[in-house]
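Worksheet: one structure, shown below.
Numbering (the working numbering), first residue to last: 88 to 206.
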């Protein structure tokens, strides 16, 4: 199976990057049509892979800022900017390997809390 890179697309939602073919903005008409088609296909299965296709909304009720499209027809909506997701794809820290059964998930870094000086 080799190594599978996992991608955090916001709010702890993680998808495998080996299936991703596009990370785009939802603003254009063709992408809006793609989203509508994916809504209609929800629950169907890809005839070749057997994987479920359709739309998966991972925005947690926030504004959709990016659309992640997979090679088998699944469409993910994310509230992260496309640039943020692409930068996370470039990061090689999140891997699953056949040799290593553990999965290390790197989430967005939280700002360090400032230590208050007590007098």
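Where a beta carbon is used, it is the ideal one built from N, C-alpha and C, also for glycine.
- The way I'd put it, the stretch 93-106 doesn't touch the stretch 114-122; fewer than three beta-carbon pairs between them come closer than 8 Å.
- Beta-bridge analysis with DSSP links residue 102 to 94.
- Note on geometry: alpha-carbon atoms of residue 169 and residue 176 lie some 11 Å from one another.
- When 174, 178, 152 are compared, the shortest CA-CA separation from residue 115 is found for 152.
- Distance from the CA atom of residue 164 to the CA atom of residue 157, rounded to whole angstroms, is 12 Å.
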